[in-house]
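Colleague: Numbering (UniProt numbering), first residue to last: 1 to 193.
Backbone N, C-alpha and C fix where the C-beta goes; we use that ideal spot for every residue, glycine too.
These numbers were taken from a predicted model, which means no experiment stands behind them.
1. Does the beta-carbon of residue 115 have 16 or more other beta-carbons within 10 angstroms, so that it is buried, or is it exposed?
2. Do we get a CB-CB distance below 8 angstroms when we pair residue 107 with the residues of chain C?
3. To the nearest angstrom, how far is it from the Cα of residue 162 to the Cα of residue 88?
4. Quick one: grab the DSSP three-state call for residue 38.
5. So the candidates are 32, 170 and 46; which of them puts its Cα closest to the Cα of residue 103?
6. By the three-class DSSP mapping on this structure, what secondary structure does residue 116 have?
7. Is the beta carbon of residue 99 less than 8 angstroms from the beta carbon of residue 43?
8. Rounded to whole angstroms, how far is the Cβ of residue 38 from the Cβ of residue 105, which I believe are closer than 8 angstroms?
9. For residue 66 and residue 130, what's the separation of their Cα atoms in angstroms?
10. So residue 98 is in the alpha helix (DSSP H); what residue range does that whole segment cover?
11. If you draw a straight line from the C-alpha of residue 57 to the C-alpha of residue 70, how long is it?
12. For the candidate residues 92, 113, 123 and 27, whose alpha-carbon lies nearest to that of residue 77?
13. In three-state DSSP terms, what is residue 123?
14. Within its chain, find whatever has a CB closer than 7 angstroms to the CB of residue 49; leave out the 5 residues flanking it on each side and keep chain order.
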């Protein structure tokens with residue numbers, strides 16, 4: 001008997017020895033040496049989630065480290081992203097493949113501060129909504145040492161991808177992103193008490 005159910009977890013979570021290679025080969029024009037993958041189920045239709053994500057100017061709302069994304073045409077955009085130590089890194093990205101309502105794949109262009117590529121998929125999950133899966137390949141600035149520094153400053157892409165998908169889920173399901181951080185206005189108000 002074969003199991004016909006599909007696992008919602010990204011291939012990077014698989015115990016199969018060939019899973020990372022399979023995930024990497026599924027990314028058109030793949031570049032990067034570190035692979036991360038995360039998935040989340042969002043109680044919204046795939047077409048709605050895809051439309052939000054495809055308008056790249058929406059993404060700084062949910063991608064915490066992204067300062068700005070400036071689309072230059074239908075397939076190209078310029079990204080500015082926070083890095084450890086108060087720095088920013090930048091690159092131009094190009095959509096390499098897409099299927100309306102289902103998937104967007106991209107790659108950074110020549111000269112990127114952080115060479116990267118990946119894809120995000122939107123798969124209907126019936127009454128549960130949509131499973132959103134992201135696979136990202138990247139070359140950390142500074143190699144292995146840069147990866148450790150990014151982890152110390154909580155800017156490591158694996159951690160950020162998980163948090164960003166959770167923020168995307170919150171925004172799409174509730175219309176807002178919950179935060180435990182106090183705002184500057186809250187702190188100033190409390191000083192006056």
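Modeller: In short:
1. Its Cβ being crowded by 16 or more others within 10 Å, residue 115 is buried.
2. Chain labels in this structure do not include chain C; a single protein chain is all it has.
3. Per the coordinates, the alpha-carbon of residue 162 lies some 21 angstroms from the alpha-carbon of residue 88.
4. Three-state result, residue 38: strand.
5. The option with the nearest alpha carbon to residue 103 is 46.
6. If DSSP states are grouped into helix, strand and coil, residue 116 belongs with the strands.
7. Cβ atoms of residue 99 and residue 43: not closer than 8 angstroms.
8. Not a contact, Cβ separation roughly 16 angstroms.
9. If you draw a straight line from the Cα of residue 66 to the Cα of residue 130, it is about 24 angstroms long.
10. DSSP places residue 98 in no alpha helix (DSSP H) but in the uninterrupted beta strand (DSSP E) bounded by 88–99.
11. Roughly 7 angstroms separates the two Cα atoms.
12. When each option's Cα is compared against that of residue 77, the closest is 92.
13. Note: residue 123 maps to strand in three-state DSSP.
14. Answer for residue 49: 42, 122, 130, 132 and 172, listed in chain order.
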